[in-house]
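**Student:**
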Amino acid sequence: MNDTAQQTVLFSIRTGAKECGPAADSQLPISLNGIPATCGHPRINTTGDVQGCELDVGVDRYKSCLWNFTVPRPGGPGWNGDICVPNLPPEPPPRPAPKGFRQPASPPPPSGGPCLLSGPSDGSLSGGQSFSCYQQANCLDLQFNSQTCEWSTDVIGERYLYCKVCLTLPRDGTTCRISPVADYVCNGDELSQVFTGPGSELVTGGIDKLQPWPRNSEQCQWVRWQAEDNKPQPVLWSIKNGDGKCMRKENATVTLEIQGVQATCGNPRQNQFQGFAGCQGNDDVNNECLWTFQVPRPGGEGWNSEICAPPAPPASQPAVPGRKPPTPPRHQAPSHRNNTIPFPFCACKQRNFMNTPYRLDDKNSTELPAMSDGKARMRHCFDLDIASCDPSRPCCGMGIKKIEMFVKNECRNSVKLALWGGESIEWSFTQNVVNTGTFTTFKFPDIWLARQEVVDGTSLCFIVAGDCAKIEDFCYDGGNGVCRTAFFNDNESCCPTMSTGVKSGNGPSPDDIELVASPPAVEFPDLGRRSLLGAPVERRRRR
1 MNDTAQQTVL FSIRTGAKEC GPAADSQLPI SLNGIPATCG HPRINTTGDV
51 QGCELDVGVD RYKSCLWNFT VPRPGGPGWN GDICVPNLPP EPPPRPAPKG
101 FRQPASPPPP SGGPCLLSGP SDGSLSGGQS FSCYQQANCL DLQFNSQTCE
151 WSTDVIGERY LYCKVCLTLP RDGTTCRISP VADYVCNGDE LSQVFTGPGS
201 ELVTGGIDKL QPWPRNSEQC QWVRWQAEDN KPQPVLWSIK NGDGKCMRKE
251 NATVTLEIQG VQATCGNPRQ NQFQGFAGCQ GNDDVNNECL WTFQVPRPGG
301 EGWNSEICAP PAPPASQPAV PGRKPPTPPR HQAPSHRNNT IPFPFCACKQ
351 RNFMNTPYRL DDKNSTELPA MSDGKARMRH CFDLDIASCD PSRPCCGMGI
401 KKIEMFVKNE CRNSVKLALW GGESIEWSFT QNVVNTGTFT TFKFPDIWLA
451 RQEVVDGTSL CFIVAGDCAK IEDFCYDGGN GVCRTAFFND NESCCPTMST
501 GVKSGNGPSP DDIELVASPP AVEFPDLGRR SLLGAPVERR RRR
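The opening residue of the sequence shown carries number 1 in UniProt numbering; numbering runs sequentially from there.
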């Protein structure tokens, strides 16, 4: 701040094939805009290597002339122009001092008021500075103001507290070498799921990339707790700065404390395609460091500031009039945690449904007369809703090649008929193995509509029989009142995925639908999936 001395700035420049000067130690003095400069031969290090431009090879390195400028600070000695530098901003209030051997001190009041999470933070970490995790550890700060929290009730009446938590840099009391920007940051990674706002359902992570990530700017996402849950929740970010690895060893991590919250950094995880599961679309980037923060709930374990979150609302009936909580599924619940299953099971990266045009809304579920063998059957109908989106986003103009639903394994032979806009369409089931678990996808593979051909309000109906007749027994997440659905464009670069709220019907339909034979399934060799219903047929475009 008080340094007004002139600084040395060097450049290496090569033009043509001439030498830089008549002798190895010759220097050409010159003045440019009042700034003294010299030009000479490139320097040579202790091993005899010429130190020119990094990409110069062979004799070219001897032609990289070294320029040396003595640059004055604006307003300092040697400056002869107007001073147009902005005034120095006031110093922010200090954060709690580092702990342990890093010279602890009594923490001052938090700069964001009593509602801001404030706790001890580690100072600068020593060693490992060639690895990105250590560089980032000396910069990151956590911002969590409990005034941002709000309650939301889902379709089955479950109450959740949603709070916004943010990362920023630099952190007070450390030596942050990320300047002026980090390369980028995104929320979560491809193997995680994140919340995009209060009341939202989980979506695949690795989204909302901020590139570049300037100092003193925030990257935020939402975290939620059930009404009775007081334990910390993991919140993940993927961060890249520079070209260095995150950690030397594959499974190594660095752990520190930031605002009293445990934070861990390590190398990116590997996705199912043997790529790196960082930000979406970056399978070949091996140094997007994965950060995990164990974020406390306001008033819960680990919270050490005032509680400014609103109190929990009283328990009430489901928010949707007339909607009943789904009947508990008869089948054993899947042993895999839903938020770690990467549906849809394909290489598509654009999975976030924000700024995409299509939604699938549950219309009705109708009980039909039993089949001849006594098996129950039901018809489930959805309406296609066309939503507004930003035309500049890559998936806003997508058409519909196919639609997929995440269903239970035991339901792969249960569908008897499918209708799109009242016309029979093909369907199929495929299975994928992920982390030793087998998962089933229900597909409508042959829709093939361009964006302008998609009609708002088009109905999608299918009839399900047997133990899977009820929608909550058919969809993989049906026990939670939702069915995960994905739309695909022509080249499958866009596959916006969402959780559609579902409910079951209560009585027989007067306008029964006659059952017809299942159309043949379609096999997609390019996705490496196995058809379960029959021989492949030629794809037809619905134009």
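Beta carbons: idealized from backbone N, C-alpha and C, even for Gly.
What number of angstroms, rounded off, separates the C-alpha of Gln-274 from the C-alpha of Leu-290?
**Tutor:** So the alpha carbons of these two residues sit roughly 17 angstroms apart.
**Student:** Look at Glu-190 and Met-498 and say whether their C-beta atoms are less than 9 angstroms apart.
**Tutor:** No. Outside cutoff.
**Student:** Going residue by residue through the region 229-253, where are the continuous beta strand (DSSP E) segments of at least 3 residues, counting only ones entirely within it?
**Tutor:** If we require 3 residues or more, the beta strand (DSSP E) runs fully inside the region 229-253 come out as 233-240.
**Student:** Please classify Phe-293: does DSSP put it in a helix, a strand, or coil?
**Tutor:** If DSSP states are grouped into helix, strand and coil, Phe-293 belongs with the strands.
**Student:** Classify Val-433: buried if its beta carbon has 16 or more other beta carbons within 10 angstroms, exposed otherwise.
**Tutor:** That one is exposed.
**Student:** If we count the other Cβ atoms within 10 Å of its Cβ and call it buried at 16 or more, is Glu-288 buried or exposed?
**Tutor:** Buried is the call here.
**Student:** Can you grab the Cα-Cα spacing for the pair Ser-126 / Asn-267, in whole Å?
**Tutor:** Going from the Cα of Ser-126 to the Cα of Asn-267 covers about 19 angstroms.
**Student:** Out of Ser-130, Gln-136, Val-235 and His-41, which has the shortest C-alpha to C-alpha gap to Tyr-184?
**Tutor:** Cα-wise, what sits closest to Tyr-184 is Gln-136.
**Student:** To which residues of the same chain is Cys-348 closer than 6 angstroms at the C-beta, ignoring the five residues directly before and after it?
**Tutor:** Within the same chain, Cys-348 has close Cβ partners Glu-492 and Cys-495.
**Student:** Could you check if Thr-441 is buried or exposed, using at least 16 other CB atoms within 10 Å of its CB as the buried criterion?
**Tutor:** With 16 or more other Cβ atoms within 10 Å, it is buried.
**Student:** My guess is that Lys-401 and Asp-490 are in contact by the Cβ rule of under 8 angstroms, so how many angstroms apart are they, rounded?
**Tutor:** Their Cβ separation, rounded to whole angstroms, is 5 angstroms, which keeps Lys-401 and Asp-490 in contact under 8 angstroms.
**Student:** Who are the near neighbours of Thr-8 in its chain, counting only those whose CB is closer than 8 angstroms to its CB and skipping five residues on each side?
**Tutor:** Here the set comprises Asn-68, Phe-69, Thr-70 and Val-71.
**Student:** Are there 16 or more other CB atoms within 10 angstroms of the CB of Cys-133, so buried, or fewer, so exposed?
**Tutor:** Label assigned to Cys-133: buried.
**Student:** Which of the three DSSP states, helix, strand or coil, is assigned to Ile-178?
**Tutor:** Three-state result, Ile-178: coil.
**Student:** Please state the DSSP three-state secondary structure of Val-320.
**Tutor:** Legend: pLDDT at Val-320 = 48, less than 50; position of this residue unreliable, no value from coordinates given.
**Student:** Report yes if the C-beta distance between Thr-292 and Pro-234 is below 9 angstroms; otherwise report no.
**Tutor:** Yes, the Cβ-Cβ distance between Thr-292 and Pro-234 is below 9 angstroms.
**Student:** Determine the closest residue to Leu-384 out of Ser-372, Val-454 and Lys-443, with distance taken between C-alpha atoms.
**Tutor:** Leu-384 has its Cα closest to that of Val-454, out of Ser-372, Val-454 and Lys-443.
**Student:** Can you confirm whether the region 250-266 touches the region 210-228 when touching is taken to mean that 3 or more C-beta pairs between the two stretches lie within less than 8 angstroms?
**Tutor:** Contact fails: fewer than three Cβ-Cβ distances are below 8 angstroms.
**Student:** Please report the straight-line C-alpha distance between Thr-196 and Ala-17, rounded to a whole angstrom.
**Tutor:** Straight-line Cα distance between these residues: approximately 57 angstroms.
**Student:** Among the residues of its own chain, which have a CB less than 6 angstroms from the CB of Gly-119, if the five just before and after it don't count?
**Tutor:** The residues are Gln-259, Gly-260 and Asn-304.
**Student:** Terminal residues of the continuous alpha helix (DSSP H) containing Ala-347?
**Tutor:** Per DSSP, Ala-347 belongs to no alpha helix (DSSP H) and is neither H nor E.
**Student:** Under a three-way DSSP split, which group does Thr-500 fall into?
**Tutor:** The answer is strand: DSSP assigns Thr-500 an E or B state.
**Student:** Is the region 144-161 in contact with the region 304-314, if contact means three or more CB pairs nearer than 8 angstroms?
**Tutor:** Taking 8 angstroms as the limit for Cβ pairs, the verdict is that the region 304-314 does touch the region 144-161.
**Student:** Identify every residue that forms a DSSP beta bridge with Gly-40.
**Tutor:** Paired residues: Gln-27 and Leu-66.
**Student:** Identify, in the order they occur along the chain, each residue of the same chain with its Cβ nearer than 8 angstroms to the Cβ of Trp-222, setting aside the five sequence neighbours on each side.
**Tutor:** So the list reads Tyr-162, Cys-163, Lys-164, Val-165, Val-194, Phe-195, Thr-196, Gly-197, Pro-198 and Ser-200, once near-sequence residues are dropped.
**Student:** Is the beta carbon of Phe-474 closer than 9 angstroms to that of Cys-381?
**Tutor:** Not in contact: Cys-381 and Phe-474 (Cβ atoms no closer than 9 angstroms).
**Student:** Between the Cα of Ile-307 and the Cα atoms of Ile-35, Cys-483, Gln-129 and Phe-144, which residue gives the shortest distance?
**Tutor:** Comparing Cα-Cα distances from Ile-307 to each of Ile-35, Cys-483, Gln-129 and Phe-144, the minimum goes to Phe-144.
**Student:** Measuring only the C-alpha atoms, how far is Thr-4 from Gly-75?
**Tutor:** When rounded, the distance between both Cα atoms is 8 angstroms.
**Student:** My output table needs one value for Phe-343: the three-state DSSP class, helix, strand or coil.
**Tutor:** Note: Phe-343 maps to coil in three-state DSSP.
**Student:** Bridge partners for Phe-442 per DSSP, in chain order?
**Tutor:** Paired residues: Met-405 and Phe-429.
**Student:** For Ser-152, which beta-bridge partners are listed by DSSP?
**Tutor:** Looking at the DSSP assignment, Ser-152 forms a beta bridge with Tyr-160.
**Student:** What do you reckon, are the CB atoms on Phe-353 and Ile-403 nearer than 9 angstroms?
**Tutor:** No, the Cβ-Cβ distance between Phe-353 and Ile-403 is not below 9 angstroms.
**Student:** Within 10 angstroms of its Cβ, does Gln-219 collect 16 or more other Cβ (buried), or is it exposed?
**Tutor:** With 16 or more other Cβ atoms within 10 Å, it is buried.
**Student:** Going by the DSSP bridge assignment, what does Leu-360 pair with across the sheet?
**Tutor:** Answer is Leu-384.
**Student:** Just to confirm before moving on: does the CB-CB distance between Ser-12 and Cys-53 stay below 9 angstroms?
**Tutor:** The answer is yes: Cβ separation under 9 angstroms.
**Student:** Rounded to whole angstroms, what is the Cα-Cα separation between Gly-188 and Lys-245?
**Tutor:** Roughly 19 angstroms separates the two Cα atoms.
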